[in-house]
Every structure is written in structure tokens, then in C-alpha cells.
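Residue 51 in numbering that gives the first Met the number 0 sits at position 52 of the sequence shown, and the numbers go up by one each step. The beta-carbon is built from N, C-alpha and C at its ideal position, and this holds for glycine as well. From a predicted model like this one, the values you see are computed outputs, not experimental measurements.
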Amino acid sequence: MSNISAVKALEKPHLSVKAKTLYAAAAIAGAVVLPQIFHALGAVSGLGTSVGEAFLPMHLPVILAGLLAGPLVGAVSGFAAPLISFALSGMPLVTMVPFMAVELCAYGLLAGLLRSAKMPPAAKVLLVQLGGRLVKAAAIAAAFYVFGSESVQVSSVLTSVYTGVFGIVLQLVLIPLIIYRAENPKRHES
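Right, dumping it as C-alpha cells:
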């Protein structure tokens, strides 16, 4: 087998524009609807928005979009989801929208770039999580130190990791299972 055919064997199938559009729309819809469900559960349980902050529901569909459909779909979905969510529901808070747009865009882009990487899906998710948080930290640091913004503190990145540990673990478990199921549909037919 030549090097070129070996590389092609590792590549994921190319998706049509229609398929990519559907993936992006589904990811954006999921990233808008899932937080509303978690916020409703928080309201019913008396925990408020902390349920959404703990389970990171916007991250899951965006990372999946990148891993399943590539970097452009992941990045566009990640950037658009918090903007559309804010326009429809007023959430996330206006001060967090730009940072979440940058962070989620990074998650989707990084996931898409790792789409064809030969490594376990959980490792891809872990790298995406680390990269996205580094990008968010850089965006917050730039806003704070370069532009003098006091709406967000740099320490909020660490706080979000501690608060979102359940969501991080959920992503590490659930995304590889969904990827496996999506990439091996014939194994699951009855």
C-alpha cells in the first residue's frame, strides 16, 4: 500500500454541503435547546443556572459537530450557537456571549481538525477541552489586560473548570459512545 492510499484510508468520508448544513443546524439547535432544558431542571430543583454551568450542555453538540462533520461545521456551529441562544433566550449573559462564542468556536474547530486523527475519541475530546479552555483563557486575558474589561476575571476560567467537572466527564464518556455509534451504524442494527 502506498503512502497516499494509506493516508486516504485514514480520512473520513467527505460530506456534502447539505450534510454539513444539517450537522451545523442540528448542533446549533442542540446548543440552544439543551441549555434551556438544563436551566428548566435547575429552576424546578431550586439549583438555578448552576445545573447548566455544571453539565456544559452547549459544548456537547458543538464538539460532536466538529468530530463528525469537520472544522468548518464545528467552528461555525460553536460561534453561532451562543449568539443565537442569546437572541432567542437572553442567555448566556451578555457579558459572556463573546467569550463563549470564541470558546465554542475553538471547541468546534479543534474537534474538526482532530476528526481524522488516529487516536481514541476520548483523547480527541480531552485535547479539544484543553484547547478550548486555553483559547477562552486567552480571550479573557486579552479582554482584561489589553482592553481593561472588568466584566470577566481571568480566574473565571479555573472556576468554570471546577464548576463544569460533571460536564467534562459527561463529554469524555458520552461523545466517544456517540462517535462509535455514528461511525459503526451496521453493528447496531437489529
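Item	Value
Thinking just about the alpha-carbon of each residue, which of Ala24, Leu46, Ser154, Ala28 is nearest to the one in Val72?	Ala24
What first and last residue would you give for the alpha helix (DSSP H) that runs through Ser260?	Since the first residue of the chain shown is 0 and the last is 189, residue 260 is not available in this structure.
Assess contact between the segment 123-130 and the segment 58-74, defined as three or more Cβ pairs (one per stretch) separated by less than 8 Å. Is contact present?	yes
Taking the straight line between their C-alpha atoms, what separation do you get for Phe85 and Val172?	28 Å
Alpha carbon to alpha carbon, what distance is there between Asn183 and Ala5?	Reliability of the predicted coordinates at Ala5 is poor, the pLDDT of 42 falling under 50, and the value obtained from them is presented with this limitation in mind. For Ala5 and Asn183, the distance between alpha carbons rounds to 20 Å.
Examine the Cβ distances between the segment 112-122 and the segment 77-96 and report whether three or more of them are shorter than 8 Å.	no
Determine the extent of the alpha helix (DSSP H) in which Thr158 is found, giving its start and end residues.	155-162
What residues in its chain sit with their C-beta under 6 Å from that of Ser76, if we drop five residues either side in the sequence?	Ala23, Ala26, Ile27, Val61, Ala64, Gly107
Report yes if the CB atom of Ser150 is closer than 8 Å to the CB atom of Thr94, and no otherwise.	yes
One question on the structure: do Gly131 and Pro70 come within less than 8 Å of each other, judged by their Cβ atoms?	no
With DSSP run on the structure shown, which of helix, strand or coil describes Ala8?	Caution applies to Ala8, whose pLDDT of 43 falls short of 50 and renders its modelled position unreliable; the model cannot decide the point.
Buried or exposed, going by whether 16 or more other CB atoms sit within 10 Å of the CB of Asn2?	Annotation note: pLDDT 49 at Asn2 (below 50); position unreliable, no value reported.
What is the DSSP secondary structure of Pro184, counted as helix, strand or coil?	helix
Taking C-beta to C-beta, are Val101 and Val134 nearer than 8 Å?	yes
From this set, Ser88, Ala122, Ala138, Leu113, which residue's C-alpha is nearest Pro97's C-alpha?	Ala138
From the DSSP output, in three-state form, read off Gly111 for me.	helix
Note down, in chain order, each residue of its chain lying with its Cβ closer than 7 Å to the Cβ of Val31, except the 5 sequence neighbours on either side.	Ala80, Ile83, Ser84, Leu87
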